[in-house]
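Visitor: Our numbering puts the last residue of the sequence shown at 245; the count rises by one with no breaks.
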Amino acid sequence: MHSLYVKESFSYWTTHADDTTPADVLHLQEATRLYPYCQTLHLLTAKAVAMHQPDQMNQTLQVAAAHALSRSALRRLVQNEFDWAEHLLDQKSGLVWPSEYHQKESKPWQLPELPQLSTVYEDQISQLIAPEERPPIDDTAIRENTLQSELAQIAEQFKADPVPNWQGLERQRQMDIIDSYIENEARMGPIRANLKDANADPEDLTKSRNATASSQGVVSEGMAKIMVRQGRIERAIEIYEQLILKKPEKKAYFAEKIKELTTE
């Protein structure tokens, strides 16, 4: 799996979920298998499948719904009704963070008083004994606020702004934390099938992942465009140069792309 491609594109997809290609569906599906507890990855995969592989949407949507904090938010994201991501980046002050949210105190539920009946028939006994169903608490707003906060934090961590030096150092620190988390998670061994395997050493997935990333470099025009959007011009030029060697019949086209980047 091109883990480097997903890692470098993840921050962009969190705010541009509709800007994926059919080839990205496979990358996202493999990423969800490696990190099955990452809710954002399941949401992005469901959105990509709905756009490019609608015939397989039902199965993917069921898996994403099982991991989503808000199924209503998932539905709106898949149906292109979820348009607040860009708005949040410009109006961060309007967000309600979990630490600032105070839920209203709810009154204790009490069993309603039953009427005094002079005669109780057998067909009415079950109705009197069965307690009244307590209406479910609508926590949609809490889940949506939590999801908004998580996506805003992720977008802020990966937001490229290299002009101030201190911001560059802070971004590098955040990337180091994420890399450390990925490495620690990769070292977690598979669940033991029985007690005999309890003392076996866990498989180090970092080696296999690094070997795959080094042997299969990500070279595609889509990757180059993402690098340009993130401001990584040198990386984009390097990818276009590799594409010239890989596809000589499109040499003139890729050379023109390099010229556009070098003259900006």
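A virtual CB, placed ideally from N, CA and C, is assigned to each residue, including glycine.
What are the boundary residues of the alpha helix (DSSP H) that A233 is part of?
Guide: As a first step, residue 233 is located in the sequence shown; it is residue number 252 there, counting from the start. Unbroken alpha helix (DSSP H) run through A233: 232 to 243.
Visitor: On the CB-based measure, 16 or more other CB atoms within 10 Å of its CB, does L226 come out buried or exposed?
Guide: In the sequence shown, residue 226 corresponds to position 245, counting from 1. Under this definition L226 is an exposed residue.
Visitor: Tell me which same chain residues have a C-beta within less than 6 Å of the C-beta of T(-5), skipping the five on either side of it?
Guide: As a first step, residue -5 is located in the sequence shown; it is residue number 14 there, counting from the start. Around T(-5): L132, I135, A136.
Visitor: Does the beta carbon of E222 sit closer than 8 Å to a beta carbon anywhere in chain C?
Guide: Absent from the structure is chain C; it holds one protein chain and no more.
Visitor: Tell me the DSSP secondary structure of S189 in three-state form.
Guide: Here residue 189 refers to the residue found at position 208 of the sequence shown. Residue confidence is low: S189 scores 44 on pLDDT, short of 50, so the model does not pin down where it sits. Its coordinate-derived value is still stated next. Three-state result, S189: helix.
Visitor: Please check the pair L9 and A29, which I expect to be a contact at CB under 8 Å, by giving their CB distance rounded to whole angstroms.
Guide: Numbered from 1 along the sequence shown, position 28 holds the residue referred to as residue 9. Numbered from 1 along the sequence shown, position 48 holds the residue referred to as residue 29. Confirmed, about 5 Å.
Visitor: Drop a sphere of 10 angstroms on the beta-carbon of A47, count the other beta-carbons inside from all chains shown, and report buried for 16 or more, exposed for fewer.
Guide: Counted from its first residue, the sequence shown places residue 47 at position 66. Exposed.
Visitor: Is the distance from the Cβ of I220 to the Cβ of V200 below 8 Å?
Guide: Here residue 220 corresponds to residue number 239 of the sequence shown, with the count starting at 1. Here residue 200 corresponds to residue number 219 of the sequence shown, with the count starting at 1. Closer than 8 Å, so yes.
Visitor: Start and end of the alpha helix (DSSP H) containing P3?
Guide: Here residue 3 refers to the residue found at position 22 when the sequence shown is read from its first residue. Unbroken alpha helix (DSSP H) run through P3: 3 to 15.
Visitor: In whole angstroms, give me the CA-to-CA distance for S(-8) and V209.
Guide: Walking along the sequence shown from the start, residue -8 turns up at place 11. Walking along the sequence shown from the start, residue 209 turns up at place 228. Each residue's Cα considered, the two are about 14 Å apart.
Visitor: Quick check on this structure: which residue in L25, E241, R14, E151 has the alpha carbon closest to the alpha carbon of D0?
Guide: For the purposes of this step, residue 0 is taken as residue 19 along the sequence shown, with counting starting at 1. Checking every option, the nearest Cα to that of D0 belongs to L25.
Visitor: How big is the Cα-Cα spacing for Q43 and P35?
Guide: Here the question's residue 43 lines up with position 62 in the sequence shown. Here the question's residue 35 lines up with position 54 in the sequence shown. Roughly 13 Å between the two C-alpha positions.
Visitor: Let me know the secondary structure DSSP gives K206 once reduced to three states.
Guide: For the purposes of this step, residue 206 is taken as residue 225 along the sequence shown, with counting starting at 1. Three-state result, K206: helix.
Visitor: What's the gap between the Cα of L15 and the Cα of K240?
Guide: The count along the sequence shown starts at 1 and reaches residue 15 at position 34. The count along the sequence shown starts at 1 and reaches residue 240 at position 259. Answer to the nearest angstrom: the Cα atoms are 38 Å apart.
Visitor: Go ahead and pull the three-state DSSP assignment for S(-10).
Guide: As a working mapping, residue -10 is identified with position 9 in the sequence shown. Of the three classes helix, strand and coil, the one that applies to S(-10) here is helix, per DSSP.
Visitor: Could you give the residue range of the alpha helix (DSSP H) that holds R216?
Guide: By 1-based counting over the sequence shown, the position of residue 216 is 235. Start and end: 214 to 227.
Visitor: Can you tell me whether DSSP reads H(-3) as helix, strand or coil?
Guide: Stepping through the sequence shown from its first residue, residue -3 is reached at position 16. Three-state DSSP puts H(-3) in coil, outside helix and strand.
Visitor: Quick one: what does DSSP say Q20 is sitting in, helix, strand or coil?
Guide: Here residue 20 corresponds to residue number 39 of the sequence shown, with the count starting at 1. Here Q20 sits in helix by DSSP.
Visitor: DSSP state of P35, grouped into three classes?
Guide: Here the question's residue 35 lines up with position 54 in the sequence shown. In the structure shown, P35 sits in a helix (DSSP, three-state: H, G or I).
Visitor: Consult DSSP for D120 and reduce its assignment to one of helix, strand or coil.
Guide: Numbered from its first residue, the sequence shown carries residue 120 at position 139. Here D120 sits in coil by DSSP.
Visitor: Starting from the Cα of H(-3), find the closest Cα among I207, A233, P117 and give me that residue.
Guide: Mapped onto the sequence shown, residue -3 falls at position 16. If we check each option's Cα against that of H(-3), I207 comes out closest.
Visitor: Please state the DSSP three-state secondary structure of K28.
Guide: Residue numbering aside, residue 28 sits at position 47 when the sequence shown is read from its first letter. DSSP places K28 in helix when its eight states are reduced to three.
Visitor: Only counting the same chain, and skipping five residues up and downstream in sequence, which positions put a Cβ closer than 7 Å to that of S51?
Guide: Position 70 of the sequence shown holds residue 51. Closer than 7 Å at Cβ, skipping near neighbours: T121, R124, E125, L128.
Visitor: Check V247 in the structure and name its three-state DSSP category.
Guide: This structure does not reach residue 247, given that the chain is present from -18 up to 245, and the question cannot be answered.
Visitor: From T2 to E202, what does the alpha carbon distance come to, in whole angstroms?
Guide: Taking the first residue of the sequence shown as position 1, residue 2 is located at position 21. Taking the first residue of the sequence shown as position 1, residue 202 is located at position 221. The straight-line gap from Cα to Cα measures roughly 11 Å.
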